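Here the protein sequences line up with chains A and B, keeping their order.
In our numbering, each residue's number is its place in the first sequence (first place is 1) plus 23.
In our numbering, each residue's number is its place in the second sequence (first place is 1) plus 23.
Glycine residues also receive a C-beta, built at the ideal position from the N, C-alpha and C atoms.
The structure presented is a predicted model; accordingly, all values stated were derived computationally and were not measured.
Report on the following structure.
Number of protein chains: 2
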Amino acid sequence: MLEFAILGLLHESPMHGYELRKQLTTKLGAFRAAISYGSLYPTLRRLQSLGCITEEAVPAGDTGLLTNRRSRVVYTITADGKERFQELLGSTGPETFDDPGFGVHFAFFARADQDTRLRILEGRRRRVEERREGLRDVLSRMAERLDSYTLELQRHGLDACEREVRWLEELIAHERSGRPPQVTAPTTPAPDSGPPER
Amino acid sequence: MLEFAILGLLHESPMHGYELRKQLTTKLGAFRAAISYGSLYPTLRRLQSLGCITEEAVPAGDTGLLTNRRSRVVYTITADGKERFQELLGSTGPETFDDPGFGVHFAFFARADQDTRLRILEGRRRRVEERREGLRDVLSRMAERLDSYTLELQRHGLDACEREVRWLEELIAHERSGRPPQVTAPTTPAPDSGPPER
DNA sequence: GTGGCGATGTATCGGTTCGATACATCGCGA
DNA sequence: TCGCGATGTATCGAACCGATACATCGCCAC
Chain A
24 MLEFAILGLL HESPMHGYEL RKQLTTKLGA FRAAISYGSL YPTLRRLQSL
74 GCITEEAVPA GDTGLLTNRR SRVVYTITAD GKERFQELLG STGPETFDDP
124 GFGVHFAFFA RADQDTRLRI LEGRRRRVEE RREGLRDVLS RMAERLDSYT
174 LELQRHGLDA CEREVRWLEE LIAHERSGRP PQVTAPTTPA PDSGPPER
Chain B
24 MLEFAILGLL HESPMHGYEL RKQLTTKLGA FRAAISYGSL YPTLRRLQSL
74 GCITEEAVPA GDTGLLTNRR SRVVYTITAD GKERFQELLG STGPETFDDP
124 GFGVHFAFFA RADQDTRLRI LEGRRRRVEE RREGLRDVLS RMAERLDSYT
174 LELQRHGLDA CEREVRWLEE LIAHERSGRP PQVTAPTTPA PDSGPPER
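Next comes the structure, spelled out in structure tokens:
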């Protein structure tokens, strides 16, 4: 999951760890809070041992225009890494509700094709609907056995589920008919598609 | 966190592992999906070694009215465990946004006093507001540097934050003025309070 | 000018939780 | 009687987190 997100970001441009974390925070900030270094650096290490990225130590001074910086480690994606990313792009994570994998996949929808997008959106909708039904069951069948705070929590959860289902419905409809929101990909500016909607 | 939830449930009545997991799933189901046995059993072990609960193996047949069941392990909270629970009841977890600790605390609000409830609700509100501001910053300042799917994700996250803040405002207002939702506690049926609101 | 302080930057450690899996018993219907 | 889903206990490896340590840089107050 973190592996996927890292590959997705490095696909756009090489980066060092600190910058990677910042970008991850803004890109995935809507679903997860922040990525800790305790996961970031081991994952980078693992990706390198798999041959998906390369590490290059930049000592100082050759950053270019600006003043010297202290030594950093710049990570670059390899061809194997790009292949791995494409593979992960189409795979759904574990089929649980609170899987952060959906948010990460959605954040990189720009690089997936329409079929993949639809499949992932519908999978997510199914899971949220299942959870919604579970919450409705609890609220209708055992409401008298739960205290009012627990009930309020269930109601709020149910509300969030219904809202997300509606959101997903809109996205699916928009994806199916009409032009899907076209994307100005940073590294590969699509030359053949229409004007980007934004 | 799981420790807290387990103590809270065992506070109501002794239970065995499978039943504990089911209750946890419905009680906390609004915030987290399910608790895995891979966390449940080690936590139970830890709680027992701390003296907060006792394990008692029930071989078979003495469940009472119904037919014999196969052997189970029934966990019972101790006086130390109740003390530990009260301690955890007032403590806030890590100050991050996606901390599931808030949901768990909220699920056991019935056992906390009004001051504690207010403190935890306001702490949560502060964290969600901070995240909301972060998302607004991203949306206003770097909207042109993000693709439309990422933007849509941020918008949805921002919407969820605003909604949760409103929810928290209502809860805080309801908690401060007027009668807080009184609770029919399963083990200690409050004899001196007014009629429960539900 | 210098002393401190916040941002930048790399890195590890211990601990919690997860998903998958294994295995055994029970009740029930094909 | 055979299988299958619910009940029930349990472990394993891996992912991820929060805290922490440590060093450099730019900048502003004193």
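Under 7 Å between C-beta atoms of residue i and residue j
| i | j | result |
| --- | --- | --- |
| residue 95 of chain A | residue 81 of chain A | yes |
| residue 33 of chain B | residue 100 of chain B | yes |
| residue 161 of chain A | residue 188 of chain A | no |
| residue 181 of chain B | residue 148 of chain B | no |
| residue 141 of chain B | residue 198 of chain B | yes |
| residue 226 of chain A | residue 130 of chain A | Any question about residue 226 of chain A goes unanswered here, given that chain A covers just 24 to 221. |
| residue 196 of chain B | residue 121 of chain A | no |
| residue 126 of chain A | residue 27 of chain A | no |
| residue 76 of chain B | residue 104 of chain B | yes |
| residue 60 of chain B | residue 78 of chain B | no |
| residue 154 of chain B | residue 184 of chain B | yes |
| residue 132 of chain B | residue 64 of chain A | no |
Three-way DSSP call (helix, strand, coil) for residue i in this model
| i | result |
| --- | --- |
| residue 159 of chain A | helix |
| residue 115 of chain B | coil |
| residue 166 of chain A | helix |
| residue 199 of chain A | helix |
| residue 88 of chain A | No answer about residue 88 of chain A holds up, because its pLDDT of 44 lies below 50 and its placement is not dependable. |
| residue 140 of chain B | helix |
| residue 77 of chain B | strand |
| residue 58 of chain A | coil |
| residue 48 of chain A | helix |
| residue 214 of chain A | A caution first: residue 214 of chain A carries a pLDDT of 40, below 50, which makes its placement in the model too unreliable to give a value. |
| residue 135 of chain B | coil |
| residue 183 of chain A | helix |
| residue 128 of chain B | helix |
| residue 103 of chain A | helix |
| residue 120 of chain B | coil |
| residue 53 of chain A | coil |
| residue 65 of chain A | helix |
Closer than 8 Å at the beta carbon, the chain A residues around residue i
| i | result |
| --- | --- |
| residue 158 of chain B | 52 and 53 |
| residue 121 of chain B | 55 and 56 |
Assigned exposure category for residue i - 16 Cβ within 10 Å defines buried
| i | result |
| --- | --- |
| residue 109 of chain A | exposed |
| residue 41 of chain B | exposed |
| residue 45 of chain B | exposed |
| residue 134 of chain A | buried |
| residue 145 of chain A | exposed |
| residue 165 of chain A | exposed |
| residue 31 of chain B | buried |
| residue 225 of chain B | The requested residue 225 of chain B is not part of the displayed model; chain B covers only 24 to 221. |
| residue 113 of chain A | exposed |
| residue 47 of chain A | buried |
| residue 175 of chain B | buried |
| residue 168 of chain A | exposed |
| residue 73 of chain B | exposed |
| residue 170 of chain A | buried |
| residue 177 of chain A | buried |
Contact list for residue i against chain A, beta-carbon separation under 7 Å
| i | result |
| --- | --- |
| residue 132 of chain B | 172 |
| residue 129 of chain B | 172 and 176 |
Counterpart residues of residue i in DSSP-defined beta bridges
| i | result |
| --- | --- |
| residue 38 of chain B | B:98 |
Under 9 Å from the C-beta of residue i: neighbouring residues of chain B
| i | result |
| --- | --- |
| residue 96 of chain A | Within chain B, no residue comes near residue 96 of chain A; the closest Cβ sits about 24 Å away, beyond 9 Å. |
| residue 126 of chain A | 176 and 180 |
Residues that residue i contacts on chain B, provided the C-beta gap is smaller than 8 Å
| i | result |
| --- | --- |
| residue 177 of chain A | 52 and 53 |
| residue 161 of chain A | 49 and 52 |
| residue 180 of chain A | 52, 53 and 54 |
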